[in-house]
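In what follows, a structure is listed as structure tokens, so that the remarks can point back to it.
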Amino acid sequence: MSYLTKSEIKLIILNFMSYTFLVYNYSVLLVFNSPYISELLFKGSYIFSLLGVYALVLIDVIMRVPGAYILGPISDKYGRKFVIRISSIGSALPLVIIALFQVNPLILILLYIIQGFFTGGLSAGITVIGIEDLPERHRGWFSGSGFAVGGSAYLIASLIFFSILKFTGNANYLNIGWRIMFLTSLLVLPFGFLMPESRKFRENKERIKTPIRILISYYKRKFILSASLTALWASMNALANSLLPNFLYSVNHFTKVQITEMSLIYSVMTIVSAFIGGELSETLGRKRISLIGGLLGIIFSPTFILLANLRNFAPYLIAIIGFTSVFGGGGIMAYVNENYPTKIRSTGVSLSWNIGFLVGNLIPLLITTVLYNTSISLFPIAETTSMIILGIIIIIVSLISHETKGNIDREK
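Just so we're aligned, residue 902 is where the sequence shown starts under the numbering used here, counting upward by one.
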């Protein structure tokens, strides 16, 4: 049994909260306030204004890739702590400007381009430091934070949103409430600035001038597999996470309060599932857990059809969806980290992770486009079919992949 030291417990808390607020800042904050942003900044039809808001999320995710490309190598040269600090400021400042000033849609897009760029850089430190510094026994369960933070970010956003709403009231929230919530983007700063430097980075004296070239020249296969499995599990997660509220609204005809309650159930279950999957990957291996997760996705894919027809069982069915959508991804953050040596780890991980989540965020857009050109009644079939296809591809990629558990400790 490997017990955690005080410094390791501190690292876990800071790393998890930093990552939670990374997700909170780049997507949850905007999605929670989409009705207010739409009404104030994107004039026109409801569909146009809603597309405008969700386009900002896509712009943000796209810009994470160049952010990782530029700031990932800096993290490998000058340290994880340095990049986390500058990226924490760079990712929060654009959101503060949105909160404090009147901005038009063009300026809003520019600010989200900046925000996305630094979010990509922030991931170069946050997705690396905890995995590479914790003892092997604890890498597995902590790897689950890679997908659990989606749930924790939603829970924190819910708490902040309803607290501000209670303080301002519905009428004033449109004028001032959403701006106060955008100011909470600054909460990432104390966690980011308190983050210690990686012990692995300090011990590794080799500094590579061109980490990108080394990555492509010597780790191409590992990079492709890392990005592919990240993309597949990000897609499986987005299939439920991004589309569930719309599913409950358009198919089940739930009220906003009911949708919020169901989303909370989903969020809690994803946190539990991701950590369980991560912990089991320490025993069964990252590859095997991903394989099992893909199989579970196929088996439980009809849950969406059941959800459309069994309204009274919605909480239980949503719990199943939440569990299966991230379980196999619980060990993926460790898998990606373990594919690269310390000298290029930030570069490899940040590019694999951000390219993967870029692909994952395209899945809801693809399904929405299909439904727009066909019928909303096909929503359950579209979700079920997509989950089956993703499950099959996950199994195939997992089978041709390799086991990585223990690689960091074996590194010379």
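For every residue, glycine included, the Cβ atom is placed at its ideal position computed from N, Cα and C.
- Looking only at P995, R1189, Q1003, G1292, the smallest Cα-Cα distance to G1198 is reached by G1292.
- Comparing alpha carbon positions, the residue from S1136, T1020, A993 closest to T1085 is A993.
- With 16 or more other Cβ atoms from the protein chains shown falling within 10 Å of its own Cβ, L912 counts as buried.
- Secondary structure at I938: helix, using DSSP grouped into helix, strand and coil.
- Taking 8 Å as the cut-off, the beta carbon of I1190 is found closer than this to the beta carbon of G1232.
- Counting other Cβ atoms within 10 Å of its Cβ, I1117 stays below 16 and is therefore classed as exposed.
- Between E1180 and P1242, the beta carbon gap of about 25 Å keeps them out of contact (Cβ cut-off 8 Å).
- Taken through DSSP and simplified to helix, strand or coil, M1096 comes out as coil.
- When the five nearest sequence neighbours on each side are left out, the beta carbons in the same chain lying within less than 7 Å of the beta carbon of P974 are those of P1112, I1113, T1248, in order along the chain.
- Here H1154 carries a coil assignment [DSSP, helix/strand/coil].
- The three-state secondary structure of Y1120, taken from DSSP, is coil.
- Taking the Cα of I1219 as reference, the smallest distance to any Cα among V1237, N1142, R1187 is reached at N1142.
- In the three-state reduction of the DSSP assignment, T1225 falls in the helix class.
- A distance below 8 Å separates the beta carbons of I1264 and S1136.
- Here Y979 is exposed: its Cβ has fewer than 16 other Cβ atoms, across all protein chains shown, within 10 Å.
- Nearest neighbour of Y1119 by Cα position, chosen from I1245, L1066, V997, A1058, turns out to be I1245.
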